[in-house]
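In the numbering used here, the protein residues as written are 4 to 163.
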């Protein structure tokens, strides 16, 4: 797999995240370091990683892109915290943060773990693990021993 093909595959990941990002939006990844491992089909960025494409931003200490048969399988962002944000057409922001954020390309699922927080439209969900299905627009959360097995949800009740 050559470097150009790797970057083309990464670009498709971020287009999937954004409803208003187009194929013409450049994918920009800034980091202190980059390591492409052809043998293991991984691309690793480290050191204040910032990814931008259209209305999507990902910030992390490390970012891994795992590929299989030339296609992206998953994207893993880690940090204290790693964060994801997306601005939609109505200027509403969807944001997420966690110690680890995994995006499963085929199923279009965002998995947050470790002090996970998901915000959309003024509502907030906090728990140990949160899963957001981008296709089904479904959020599932579960607690663990670090938060007494609880999930905290704050729903916005009126517009500002």
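Note that the Cβ used here is the ideal one computed from N, Cα and C, for glycine as well. Keep in mind that this is a model prediction, so the values were computed, not measured.
If you draw a straight line from the C-alpha of residue i to the C-alpha of residue j, how long is it?
| i | j | result |
| --- | --- | --- |
| residue 55 | residue 91 | 15 angstroms |
| residue 25 | residue 151 | Its pLDDT being 48, under 50, residue 25 is placed unreliably in this model, and the value from its coordinates should be taken loosely. Residue 25 and residue 151: Cα-Cα distance of roughly 43 angstroms. |
| residue 116 | residue 135 | 12 angstroms |
| residue 14 | residue 84 | At residue 14 the pLDDT is 42, less than 50, meaning the model places this residue with poor confidence; the figure from the coordinates comes in the next sentence. Near 23 angstroms, if we compare the C-alpha coordinates of residue 84 and residue 14. |
| residue 144 | residue 128 | 8 angstroms |
| residue 68 | residue 141 | 24 angstroms |
| residue 42 | residue 86 | 29 angstroms |
| residue 71 | residue 161 | 46 angstroms |
| residue 37 | residue 45 | 11 angstroms |
| residue 30 | residue 149 | 36 angstroms |
Closer than 6 angstroms by C-beta to residue i: which residues in its own chain qualify, once you throw out the five before and the five after it? Chain order, please.
| i | result |
| --- | --- |
| residue 7 | In this prediction, residue 7 scores a pLDDT of 45, lower than 50, which makes its location untrustworthy; no coordinate-derived value is stated. |
| residue 146 | 130, 131, 152, 153 and 154 |
| residue 82 | 63 and 64 |
| residue 80 | 61, 63, 66 and 104 |
| residue 156 | 128 |
What residue range is occupied by the uninterrupted beta strand (DSSP E) comprising residue i?
| i | result |
| --- | --- |
| residue 117 | 112 to 123 |
| residue 106 | 96 to 107 |
| residue 154 | Counting along the chain, residue 154 falls outside any beta strand (DSSP E), and DSSP gives it neither H nor E. |
| residue 136 | 126 to 136 |
Spatial neighbours of residue i within its chain, please: C-beta separation below 8 angstroms, excluding the five flanking residues on both sides.
| i | result |
| --- | --- |
| residue 34 | 48, 49, 50, 51, 52, 53 and 66 |
Buried or exposed: where does residue i fall if 16 or more other Cβ atoms within 10 Å of its Cβ makes it buried?
| i | result |
| --- | --- |
| residue 73 | exposed |
| residue 158 | exposed |
| residue 101 | buried |
| residue 106 | buried |
| residue 89 | buried |
| residue 103 | buried |
| residue 75 | buried |
| residue 58 | buried |
| residue 119 | buried |
| residue 139 | exposed |
With DSSP as the reference, identify every bridge partner of residue i, one or two as the case may be.
| i | result |
| --- | --- |
| residue 91 | According to DSSP, residue 91 bridges with nothing at all. |
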